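Here's the structure we're looking at; comments come further down.
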Ligand code: HSE
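The following block contains the structure:
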């Protein structure tokens with residue numbers, strides 16, 4: 005199947021890296037970054053596009069962009085991986101809406117459009133008989149969306165608690181283990197490509213809150229907006245606070261929480277015991293759910309970074325290929 009990538013930051017480049025070589029069923033026909041684009045209906049060489057981006061800072065020709073890719077229409081699946089805008093989801097929301105309207109599949113790691121307009125986009129995808137894949141919006145490589153939807157189908161989820169932001173978890177881990185200041189650890193997380201384009205989304209808890217909204221609305225039968233979430237971030241946490249928690253056999257983690265029955269959705273730093281299943285290190289994410297039938301279930305894995313996020317995108321691409329792509 006033919007794929008086009010919109011957004012060529014850490015995630016877009018990770019997807020292109022996965023598409024290098026022939027061990028998959030996808031042909032890359034277009035790529036756009038914020039200032040340029042390249043298009044070839046016969047197939048681009050992903051390694052060349054990556055090289056060009058690395059050496060020139062552009063993936064293609066200045067003056068070409070998303071409208072050219074959409075009007076060309078030479079793709080079956082749009083991979084939308086541009087930076088998140090939590091405030092209305094634009095411009096990605098309009099792009100996704102147009103592409104679904106064209107009867108083409110969309111796979112995205114972009115949390116803004118899914119948090120702001122999940123119900124509308126899902127209805128449009130269903131009406132057009134195409135798939136909207138958004139596994140990569142929550143917890144990077146961890147297949148928590150599919151795990152909750154399919155693996156635990158039939159269960160009622162009574163509560164969900166999670167470490168859902170790799171950047172915050174990385175910062176808290178580095179402050180505790182290496183005594184780095186908050187600002188040093190944040191800079192490392194940015195340099196390593198874990199943080200959002202605007203890292204205040206990470207450290208102020210907004211990114212975690214957006215992920216809770218996506219899970220609440222798409223999996224837990226709720227209907228909430230970002231403004232319904234109580235949010236406190238980690239930007240006031242000090243090394244001294246972490247040391248104090250440690251001296252009592254605990255640590256501090258940014259926890260996202262949903263209790264559907266109480267309509268409670270909250271993000272806050274919590275002191276938790278070092279032997280708690282949610283105490284994971286670095287960019288790991290962990291999500292524990294309490295289900296009526298299965299009891300407690302915990303998912304753990306890499307929640308941020310180029311290839312872990314590309315892994316979730318590839319999973320959605322493969323699902324689409326399995327449902328729609330064989331023989332086409
Ligand atoms: N900035 C996000 C994080 C990326 O650190 O978790 C993955 O959503």
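In my numbering, the protein residues as written are 5 to 332. Beta carbons are placed, not taken as given, at the ideal position from N, Cα and C, and that holds for glycine. Bear in mind the structure is a predicted one, so any value in this text is a computation, not a measurement.
Measure the CB-CB distance between residue 132 and residue 105 and report whether it falls below 8 Å.
-> Taking the chain shown and counting its residues from 1, the one referred to as residue 132 is at position 128. Taking the chain shown and counting its residues from 1, the one referred to as residue 105 is at position 101. Judged by their CB atoms, residue 132 and residue 105 are nearer to each other than the 8 Å cut-off.
Where residue 22 and residue 198 are concerned, what is the direct C-alpha to C-alpha distance, given to the nearest angstrom?
-> Position 18 of the chain shown, counting from 1, holds the residue named residue 22. Position 194 of the chain shown, counting from 1, holds the residue named residue 198. Here the alpha carbons of residue 198 and residue 22 stand approximately 18 Å from one another.
Pull up the distance between the alpha-carbon of residue 332 and that of residue 5, whole angstroms please.
-> Taking the first residue of the chain shown as 1, we reach residue 332 at position 328. Taking the first residue of the chain shown as 1, we reach residue 5 at position 1. With a pLDDT of only 46 at residue 332, under the threshold of 50, the placement of this residue in the model should not be trusted; the figure read from the coordinates follows. Distance between the alpha carbons of residue 332 and residue 5 is about 7 Å.
Shortest alpha-carbon distance to residue 135 belongs to which of 125, 141, 143 and 142?
-> As a first step, residue 135 is located in the chain shown; it is residue number 131 there, counting from the start. Scanning 125, 141, 143 and 142 for the CA closest to the CA of residue 135 turns up 125.
Span separating the alpha-carbon of residue 214 from that of residue 143 = Counting from 1 along the chain shown, the entry for residue 214 is found at position 210. Counting from 1 along the chain shown, the entry for residue 143 is found at position 139. If I take the Cα positions, the gap works out to 12 Å.
Assign residue 117 to buried or exposed, taking buried as 16 or more other Cβ atoms, counted over all protein chains shown, within 10 Å of its Cβ.
-> As a working note, residue 117 is residue 113 in the chain shown. Residue 117 is classed as buried because its beta carbon has at least 16 other beta carbons within 10 Å across all chains shown.
Could you tell me the boundaries of the beta strand (DSSP E) in which residue 260 lies?
-> Here residue 260 corresponds to residue number 256 of the chain shown, with the count starting at 1. Membership of residue 260 in the beta strand (DSSP E) is indicated by the continuous run 254-263.
Pick from 237, 255 and 236: whose alpha carbon is nearest that of residue 245?
-> One-based indexing of the chain shown puts residue 245 at position 241. For the residues 237, 255 and 236, the minimum Cα distance to residue 245 belongs to 255.
Since residue 100 and residue 68 are thought to touch, with beta carbons under 8 Å apart, how far apart are those beta carbons, to the nearest angstrom?
-> Taking the chain shown and counting its residues from 1, one reaches residue 100 at position 96. Taking the chain shown and counting its residues from 1, one reaches residue 68 at position 64. Going by Cβ atoms, the distance from residue 100 to residue 68 rounds to 20 Å, so no, they are not a contact pair.
Pick out every residue whose C-beta is nearer than 6 Å to a heavy atom of the ligand HSE: which are they, in chain order?
-> Ordered along the chain, the selected set is 144, 169, 170, 171, 198, 199, 200, 206, 211, 307 and 308.
Residue range of the unbroken alpha helix (DSSP H) whose run includes residue 120 = The residue labelled residue 120 in the question sits at position 116 within the chain shown. From DSSP, the alpha helix (DSSP H) with residue 120 extends over 115-132.
Exposure label - residue 71; buried when at least 16 CB within 10 Å = Counting from 1 along the chain shown, the entry for residue 71 is found at position 67. The Cβ neighbour count for residue 71, taken over all protein chains shown within 10 Å, is under 16; the residue is labelled exposed.
Which of helix, strand or coil does DSSP assign to residue 243?
-> Within the chain shown, numbered from 1, the residue matching residue 243 stands at position 239. Correct three-state label for residue 243: helix.
Check whether the Cβ atoms of residue 308 and residue 287 lie closer than 8 Å to each other.
-> Looking up residue 308 in the chain shown gives position 304. Looking up residue 287 in the chain shown gives position 283. Yes, they are a contact pair.
On the three-state DSSP scale, how would you describe residue 90?
-> In the chain shown, counting from the first residue as 1, residue 90 sits at position 86. In the structure shown, residue 90 falls within a coil segment according to DSSP collapsed to helix, strand and coil.
Can you say whether residue 200 is buried or exposed, counting buried as having 16 or more other CB atoms within 10 angstroms of its CB?
-> As a position in the chain shown, residue 200 is number 196, starting the count at 1. Buried, by the Cβ-count rule.
Looking only at its own chain, which residues have a Cβ that is under 7 Å from the Cβ of residue 194, when we skip the five neighbours before and after it?
-> Locating residue 194 in the chain shown gives position 190, counting from the first residue. Counting only Cβ-Cβ distances below 7 Å, and skipping sequence neighbours, we find 203.
Helix or strand or just coil, what does DSSP make of residue 220?
-> By 1-based counting over the chain shown, the position of residue 220 is 216. DSSP places residue 220 in helix when its eight states are reduced to three.
Which residue comes first and which comes last in the beta strand (DSSP E) that contains residue 294?
-> The sequence position of residue 294 within the chain shown is 290, counting from 1. Note, residue 294: beta strand (DSSP E), 288-295.
Hey, quick one: how far does the alpha helix (DSSP H) through residue 98 stretch, first residue to last?
-> Along the chain shown, one-based indexing puts residue 98 at 94. Element bounds for residue 98: 96-105.
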